[in-house]
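Working notes, structure below.
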Amino acid sequence: LIYNPVEDNFLGMYRKDHEYRGPNKKLWISFQHWAGLLRTTFPERFNKDQPEMVIAFGSGDYPHVDKTKLPYTTGKAPLLQFGSSFREKNLYPNMISMPMPTKEH
């Protein structure tokens, strides 16, 4: 999720060659909810005078992670993981488990 101050909007970006596109609907719902939450909670942060902001999201039945391709596995930036996450926190210490984006939550 990217906040673009030039356009004063949020952009959701994902890989288009992902083989499972159907479940991405939940990820898009998460993007929409987070964008609204951030703008409502921190209106002074999200306007044209502020810098860009990027938040990493993950979603799915389990994290699709190839640890050899991760540039930062030592907690440089958080990854908000909607769906299942690792029980062993040392595998990906900056992954933060989030609830599934459903109507029940």
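Counted the way our numbering counts, the sequence shown spans residues 1142 to 1246.
Using N, Cα and C, we set each Cβ at its ideal position, and we do this for glycine too.
Since we're looking at a predicted model, the values are computed, not measured.
In whole angstroms, give me the CA-to-CA distance for residue i and residue j.
i	j	result
residue 1143	residue 1231	27 Å
residue 1145	residue 1225	29 Å
residue 1174	residue 1181	11 Å
residue 1240	residue 1166	15 Å
residue 1246	residue 1196	Low per-residue confidence applies at residue 1246: pLDDT is 48, beneath 50, and the placement is therefore not dependable, though the value from the model is reported in the following sentence. Rounded to whole angstroms, residue 1246 to residue 1196 spans 21 Å at the Cα level.
residue 1169	residue 1191	24 Å
residue 1185	residue 1149	12 Å
residue 1153	residue 1189	18 Å
residue 1233	residue 1155	20 Å
residue 1238	residue 1147	31 Å
Roughly how far, in whole angstroms, is the beta-carbon of residue i from the beta-carbon of residue j, given that I think they are within contact range, below 8 Å?
i	j	result
residue 1236	residue 1220	5 Å
residue 1187	residue 1179	6 Å
residue 1198	residue 1176	Going by Cβ atoms, the distance from residue 1198 to residue 1176 rounds to 11 Å, so no, they are not a contact pair.
Does the distance from the CB of residue i to the CB of residue j come in under 8 Å?
i	j	result
residue 1227	residue 1171	no
What are the boundary residues of the beta strand (DSSP E) that includes residue i?
i	result
residue 1155	No beta strand (DSSP E) contains residue 1155, which DSSP labels as neither H nor E.
residue 1223	1220-1224
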